[in-house]
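Here's the structure, in structure tokens; my notes come after.
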Ligand code: DGL
């Protein structure tokens, strides 16, 4: 394995870019390959079996690009497919749940933590289990917010409709006096401003991307795989459906132009 090989990321769509942003900020010289499964988004309302199948296809696609480490930049896939991916991959695989749960416990003063995520992540109790494992005394309140994903994909970030939906979803959590709120879906940091406005400034928003990026750095350092280049890394993006909207929202969120964006045919993912 070569130090200059890229780090691979996948998500159902645009959400994993929130993790890419954290990794690129911490290690700007790393090369990045991103796959967004825009033809099959959302993952969060699909069965565990389907999400595992799609995750394996995404991982195989990225492996063919010679990635040195895989970031499962999707909480839904991290909740249901992480074990399976770790079982068949020989490279390190980083998920979102553990780093996010650890950070939430560090940040929470009262030990009352809110979790929002896709229906799959919430139904699988991925964060609740991890939080309780780390601290059995913690109080956890969860809420699925499935409509946040299409709003983020559409780029409806600062919008009255988004705020109304956020109020509807977050009202109950707010009453529980949570002091930290895990954004348990990588799409949600794109909507962080609206979410913060609705829950108030006393609730600390936890974006798993930040601690996950630190974990990526530790893994690469530990295995002597950190890129030593003094130049900025290359970022290549692949999507399984029309790239136009992806480009627009991605460039707005990342604050820079995307120069390498390609469409992958679904056949290429499914025909192993
Ligand atoms: N961004 C993903 C997550 O973190 C998936 C959202 C979806 O496709 O439903 O869960």
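Residue numbers (my numbering): 18 to 289.
A virtual CB, placed ideally from N, CA and C, is assigned to each residue, including glycine.
On a predicted model such as this, the values are computed, not experimentally measured, just so you know.
Give me the Cα-Cα distance between residue i and residue j, rounded to the nearest whole angstrom.
i, j, result
"residue 18", "residue 109", "12 Å"
"residue 277", "residue 251", "9 Å"
"residue 200", "residue 132", "7 Å"
"residue 191", "residue 216", "6 Å"
"residue 378", "residue 246", "Coverage of the chain is limited to positions 18 through 289, which leaves residue 378 absent and any answer about it impossible."
"residue 184", "residue 22", "43 Å"
"residue 64", "residue 136", "10 Å"
"residue 124", "residue 285", "42 Å"
"residue 122", "residue 116", "10 Å"
"residue 33", "residue 89", "8 Å"
"residue 139", "residue 159", "7 Å"
"residue 269", "residue 186", "25 Å"
"residue 240", "residue 234", "10 Å"
"residue 162", "residue 237", "34 Å"
"residue 175", "residue 85", "37 Å"
"residue 258", "residue 275", "16 Å"
If you compare alpha carbons, which of the options is closest to residue i?
i, options, result
"residue 11", "156, 74, 223, 115", "The structure shown has nothing for residue 11, since the chain only spans 18 to 289."
"residue 279", "167, 50, 69, 269", "50"
"residue 266", "171, 57, 63, 106", "171"
"residue 113", "153, 228, 38, 30", "228"
"residue 181", "195, 192, 28, 164", "164"
"residue 272", "55, 22, 42", "42"
"residue 27", "220, 169, 80", "80"
"residue 40", "82, 83, 87", "87"
"residue 71", "38, 55, 154", "55"
"residue 202", "36, 92, 59, 77", "92"
"residue 177", "234, 214, 134, 221", "214"
"residue 83", "212, 149, 20", "20"
"residue 52", "121, 159, 37", "37"
"residue 102", "68, 119, 134", "68"
"residue 94", "150, 219, 194, 76", "76"
"residue 156", "193, 218, 179", "193"
"residue 179", "189, 187, 168", "168"
"residue 111", "118, 130, 230", "230"
"residue 105", "152, 74, 205", "74"
"residue 29", "147, 220, 263", "263"
Name the DSSP beta bridge partners of residue i, please?
i, result
"residue 134", "161, 201"
"residue 255", "52, 279"
"residue 88", "26, 111"
"residue 99", "Partner(s): none; residue 99 has no beta bridge."
"residue 221", "197"
"residue 156", "129"
Keeping to the same chain, check which residues put their C-beta closer than 6 Å to that of residue i; ignore five residues upstream and five downstream.
i, result
"residue 47", "24, 244, 250"
"residue 255", "52, 279, 281"
"residue 211", "179, 180, 183"
Within a Cβ cutoff of 7 Å, which residues of the same chain sit near residue i, ignoring the five residues on either side of it in sequence?
i, result
"residue 260", "278, 280"
Report yes if the C-beta of residue i is less than 7 Å from at least one heavy atom of the ligand ZN; otherwise report no.
i, result
"residue 204", "Summarising the ligand content, the structure contains the ligand DGL and does not contain the ligand ZN."
Within a Cβ cutoff of 8 Å, which residues of the same chain sit near residue i, ignoring the five residues on either side of it in sequence?
i, result
"residue 141", "65, 96, 97"
"residue 154", "128"
"residue 288", "none"
Can you give the beta carbon distance from residue i to residue j, rounded, assuming they're within the 8 Å contact cut?
i, j, result
"residue 166", "residue 59", "5 Å"
"residue 188", "residue 206", "Residue 188 to residue 206, Cβ: 21 Å. No contact."
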